[in-house]
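One line per chain: the protein sequences are G and B, in this order. Numbering-wise (the numbering used here), the first sequence opens with residue 54 and increments by one. Numbering-wise (the numbering used here), the second sequence opens with residue 54 and increments by one.
2 protein chains.
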Amino acid sequence: MRILGIDPGYAIVGFGISDYTGKNFMPVEYGAILTEAGTDFPERLKAIADDMDFICERYMPDCMAIEKLFFTNNQKTGIDVAQARGIILLSAVRHNISIYEYTPLQVKQAVVGYGKAEKKQVMDMTRRILKLEQIPKPDDAADALALTICHGHCCKGVSIKNAGQEKK
Amino acid sequence: MRILGIDPGYAIVGFGISDYTGKNFMPVEYGAILTEAGTDFPERLKAIADDMDFICERYMPDCMAIEKLFFTNNQKTGIDVAQARGIILLSAVRHNISIYEYTPLQVKQAVVGYGKAEKKQVMDMTRRILKLEQIPKPDDAADALALTICHGHCCKGVSIKNAGQEKK
């Protein structure tokens, strides 16, 4: 199973792709889609859409694990992140990729085994599980890879109970 | 100039298209994109994207006037409206349609001449300006048509000052 992890944003979208055999994770690719500040916002959305389409077509993931959105104090930023996240969901659904949402708590629990784990611990465990020499950069890419591990672990649990059916 | 007005949402997206000569408005089409409750959210986004693409290709508007988003008390709804709005912006930018945002206050001021006008007054003035026999239904379509009038009026003002150049 090939999992695409996404840490959503509009200036930086972290992405990570892992293959999961049900036992081991293998990193395939990771990085970040960057859009330039000062560019018209719709143009930034278009850049994200084009790059997401490229990633979906090139790596053909089976599923996408994306961070759930919560609103922060900055409403303007929150609205723009949500607008960009809509674009990312659209790209996945147009490529028939099933979509799963996880909260930061679920990611920490799945990767470190402890919901209150620190960011550094999550990143270090991600590095170990994927047998990478260094913690991936930028942080958004590391977060996206952590989401792939979270989905792999969650999926495995569900597939045992439901005889191979993925949860919706 | 052909203007596409959009009242964003994820269950109902109101749209309205008007031709504006610099003097008169002529309604071209209006209606609403509806997505079914209970459908997976990414599928609803895809339905909006497909219908928006259809509208952009069929009516070939020169520009889009869309309502600016503000957050309400319901964060979950706010996030989902923003995600859908991102999709709508993407469709416009992918069809080379310039995008303009207006607040409800600006719409009221442009259509009725009074920022605190009631919804009913805005709808009735929209009906009169577009020479329609009845107030368009649903309300979302009427709101979208009001946005086309707002953009026409604002644009006209700007075009006088800037010798025909549209404001960015």
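Ideal Cβ placement from N, Cα and C applies to all residues, glycine included. Bear in mind that the values here come from a model prediction, so they are computed numbers and not experimental data.
CB contact flag (residue i, residue j, <7 Å)
i                      : j                      : result
residue 196 of chain G : residue 72 of chain G  : no
residue 88 of chain B  : residue 64 of chain B  : yes
residue 83 of chain G  : residue 69 of chain G  : yes
residue 151 of chain G : residue 109 of chain G : no
residue 143 of chain G : residue 102 of chain B : yes
residue 199 of chain B : residue 179 of chain B : yes
residue 203 of chain B : residue 134 of chain B : no
residue 105 of chain B : residue 141 of chain B : yes
Inter-residue Cα distance where the pair is residue i and residue j
i                      : j                      : result
residue 158 of chain G : residue 114 of chain G : 24 Å
residue 207 of chain G : residue 85 of chain B  : 39 Å
residue 177 of chain G : residue 78 of chain G  : 15 Å
residue 124 of chain G : residue 136 of chain G : 13 Å
residue 149 of chain G : residue 74 of chain B  : 43 Å
residue 121 of chain G : residue 139 of chain G : 12 Å
residue 191 of chain B : residue 95 of chain G  : 27 Å
residue 107 of chain B : residue 193 of chain B : 19 Å
residue 169 of chain B : residue 201 of chain B : 19 Å
residue 173 of chain G : residue 128 of chain B : 29 Å
residue 76 of chain B  : residue 57 of chain G  : 52 Å
residue 184 of chain G : residue 81 of chain B  : 60 Å
residue 147 of chain G : residue 97 of chain B  : 12 Å
residue 182 of chain G : residue 171 of chain G : 17 Å
residue 186 of chain G : residue 175 of chain G : 15 Å
residue 188 of chain B : residue 55 of chain B  : 21 Å
residue 130 of chain B : residue 92 of chain B  : 15 Å
Cβ-based burial, residue i [other Cβ within 10 Å; buried from 16]
i                      : result
residue 155 of chain G : buried
residue 90 of chain G  : exposed
residue 67 of chain B  : buried
residue 153 of chain B : buried
residue 205 of chain G : buried
residue 166 of chain G : exposed
residue 99 of chain G  : buried
residue 111 of chain G : exposed
residue 213 of chain B : At residue 213 of chain B, the pLDDT of 34 sits below 50, so the modelled position is not reliable; the number obtained from the coordinates is stated separately. Exposed, since its Cβ has fewer than 16 Cβ neighbours within 10 Å.
Helix, strand or coil at residue i according to DSSP, with G and I counted as helix
i                      : result
residue 185 of chain G : coil
residue 171 of chain B : coil
residue 66 of chain B  : strand
residue 72 of chain G  : strand
residue 113 of chain B : coil
residue 157 of chain B : helix
residue 150 of chain B : coil
residue 91 of chain B  : coil
residue 79 of chain G  : strand
residue 216 of chain G : Unreliable placement is indicated for residue 216 of chain G, whose pLDDT of 33 sits below 50; the coordinate value is still reported in the next sentence. Three-state result, residue 216 of chain G: coil.
residue 58 of chain B  : strand
residue 203 of chain G : helix
residue 190 of chain G : coil
residue 166 of chain G : coil
residue 208 of chain G : helix
residue 221 of chain G : With a pLDDT of 34 at residue 221 of chain G, under the threshold of 50, the modelled position of this residue cannot be trusted, and the question is left open.
Proximity test, Cβ basis, 7 Å: residue i and chain A
i                      : result
residue 124 of chain G : The chain inventory of the structure shown lacks chain A, comprising the protein chains G and B.
Cβ-heavy atom distance, residue i to the ligand SAH, below 6 Å
i                      : result
residue 208 of chain G : Of the ligands one can find in the structure shown there are none, so the ligand SAH has no counterpart to examine.
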